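Enquirer:
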Amino acid sequence: MTFRLRKKEILIDILVRLPAKSLVRFLCTSKSWSDLIGSSSFVCTHLHRNVAIHAHVYLLCLHPSNFEWAVDPDDPYVKQELQWSLFSNETFEKCFELRHPIGSTEHYGIYGSSNGLVCISDEILNFDSPIHIWNPSIRKFRTPPMSTDINIKHSYVALQFGFHPRVNDYKIVRMMRTNKDAFAVEFFSLGTDSWKMIEAIPPWLKCTWQHQMSIFSNGVAYHLLRKGPIFSIMSFDSGSEEFEEFIAPDAICSSWGLCIDVYKEHICLLFRFYGCEEEGMEQVDLWVLKEKRWKQLCPFIYPRSCYRTMGISIDNELILQKRDLKKGVAYLYLCNYESKQVLETGIKLAIMTYGEIEFLFSITYIESMVLLNDY
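Counting in UniProt numbering, the sequence shown runs from 1 upward without gaps.
(1) What distance in whole Å lies between the Cβ atoms of Tyr-274 and Asp-285, which are believed to be in contact at a cut-off of 8 Å?
(2) Alpha carbon to alpha carbon, how far is Glu-123 from Thr-178?
(3) List the residues that DSSP assigns as beta-bridge partners of Cys-268.
(4) I'd like to know whether the C-beta atoms of Lys-171 and Phe-161 end up nearer to each other than 9 Å.
(5) Taking Lys-94 as the reference, give the member of Gln-83, Phe-300 and Arg-272 with the closest Cα.
(6) Can you have a look at Ile-10 and say buried or exposed, based on whether 16 or more other CB atoms are within 10 angstroms of its CB?
(7) Which residue marks the beginning of the alpha helix (DSSP H) containing Cys-44, and which one marks its end?
(8) Only counting the same chain, and skipping five residues up and downstream in sequence, which positions put a Cβ closer than 7 Å to that of Leu-18?
(9) Ordered along the chain, which non-local residues of its own chain (more than five positions away) have a Cβ less than 6 Å from that of Val-342?
(10) Does Gln-321 pass the burial test, meaning 16 or more other C-beta atoms within 10 Å, or should it be called exposed?
(11) Starting from the Cα of His-56, find the closest Cα among Glu-279, Ser-214 and His-46 and give me that residue.
(12) Determine the burial state of Thr-364: buried for a count of at least 16 other Cβ atoms within 10 Å of its Cβ, exposed for fewer.
(13) Count Cβ pairs between the stretch 31-49 and the stretch 97-104 that sit closer than 8 Å; are there 3 or more?
(14) Rounded to whole angstroms, what is the Cα-Cα separation between Ser-40 and Cys-28?
(15) If you draw a straight line from the alpha carbon of Glu-106 to that of Pro-165, how long is it in whole angstroms?
(16) Return the first residue and the last residue of the beta strand (DSSP E) that Asp-122 is part of.
(17) Between which two residues does the alpha helix (DSSP H) containing Val-24 stretch?
(18) Go ahead and label Ser-305 buried or exposed: buried means 16 or more other beta carbons lie within 10 angstroms of its beta carbon, across all protein chains shown.
(19) Mark Asp-128 as exposed unless 16 or more other C-beta atoms lie within 10 angstroms of its C-beta, in which case mark it buried.
(20) Taking Cβ positions, are Asn-135 and Ala-20 nearer each other than 9 Å?
(21) State the DSSP-derived secondary structure class of Arg-6, mapped to helix, strand or coil.
(22) Rounded to whole angstroms, what's the CA-CA distance from Glu-344 to Lys-31? Just pull it up for me.
(23) Output the residue ranges of the beta strand (DSSP E) runs that lie fully inside the stretch 275-356 and measure 3 residues or longer, sorted by chain position.
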């Protein structure tokens, strides 16, 4: 018996190091291997190892499918051929292209990535846009039911997705607003396979504001809002169902060069606006939210160039992009906090334009076996 247990432990120690695609192939090896790899304990062990040591980590990027594609200045609304792909977080080589789980050929957006799952929906969201929670590594997905609480068209819809560790559940948060500033929030629980509308909206949200950008971390949706000259962070905890507001630091005076992300497990604000004292260098100011207070850290500093800020990587490096307007793409760079060195990845990102708003996408993705069996 002891020998068998030891043999199983050795097998688990070997299998848990493998990428998800290899594990999916091994499901057909034998019933015992299938039962082992498909067990919830193995799925959790495999995921926790990948998260802890950043194993099987990728950059999930939206890029032109034809890298020689160039924009047509006479037809800015021409339909671009775009592609979501996974790039190695170490070599930046393209590993594989993603295909929509139900075979759709329409462009789609990704609205969050957590533990190997991504949330996808229409490129331009409406209240009835179909949503899929998808694990592209093992080609499994779940489609949440349509919400029955929303039956009017909204002028603005935002989606966020992630894992809530305290309640051990995956959540989708949907925020909506009408042209008359009516505001609604609902969330979906993968565990219960149902939507819930939030009835109690705080009074400080019942006013005119502009949505800038958002992030989802540890089960909490954070939205960067602008109310006149003031910037603030609205948070909604999808477990406790509570709202909070955090007024941004006074130095935040413009939406240009402003980003919200996660730095060393803390919500952070990045602001590229003020000049750098070091000659030939630029800086991005950095604030982190600790114990409900903003703390300013030393800024990211890097050699002056035409970079724009995108966010923070899983390795806590600054994600930058530099545009090539002739080709209609942006090149992806990483800046190290300590060395101040900027690394060129060679990844070309597509520039998505909706009116006057532009979007670029580079999302951290960690492989897992989550959704191998029904959640």
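Where is the CB? At the ideal position from N, CA and C, for every residue including glycine. Given the structure is predicted, the values throughout are model-derived calculations rather than measurements.
Expert: On the basis of the data shown:
(1) About 7 Å separates the two Cβ atoms, so the contact holds.
(2) Taken atom to atom, the span from the alpha-carbon of Glu-123 to that of Thr-178 is near 19 Å.
(3) Bridge partners of Cys-268 according to DSSP: Asp-261 and Val-288.
(4) A contact, by the Cβ cut-off of 9 Å.
(5) A check of alpha carbon separations from Lys-94 across Gln-83, Phe-300 and Arg-272 identifies Gln-83 as the nearest.
(6) The residue is exposed, with fewer than 16 neighbouring Cβ atoms inside 10 Å.
(7) Residue range 40-53 is occupied by the alpha helix (DSSP H) that includes Cys-44.
(8) Result list for Leu-18: empty, nothing under 7 Å.
(9) Cβ neighbours of Val-342 beyond the five flanking positions: Tyr-302, Tyr-333 and Cys-335.
(10) Around the C-beta of Gln-321, 16 or more other C-beta atoms lie within 10 Å, and the residue is accordingly described as buried.
(11) Cα-wise, what sits closest to His-56 is His-46.
(12) Classification of Thr-364: buried, given that the 10 Å Cβ count is 16 or more.
(13) They do not touch, by the three-pair rule.
(14) If I take the Cα positions, the gap works out to 18 Å.
(15) Near 33 Å, if we compare the C-alpha coordinates of Pro-165 and Glu-106.
(16) Counting along the chain, Asp-122 sits inside the beta strand (DSSP E) bounded by residues 117-122.
(17) 20-26 is the extent of the alpha helix (DSSP H) around Val-24.
(18) Label assigned to Ser-305: exposed.
(19) By the 10 Å Cβ count, Asp-128 comes out exposed.
(20) A contact, by the Cβ cut-off of 9 Å.
(21) Here Arg-6 carries a helix assignment [DSSP, helix/strand/coil].
(22) Counting only the Cα atoms, Lys-31 lies some 46 Å from Glu-344.
(23) Entirely contained in the stretch 275-356, the beta strand (DSSP E) runs reaching 3 residues are, in chain order, 281-290, 293-303, 308-312, 318-324, 329-335, 342-350 and 352-354.
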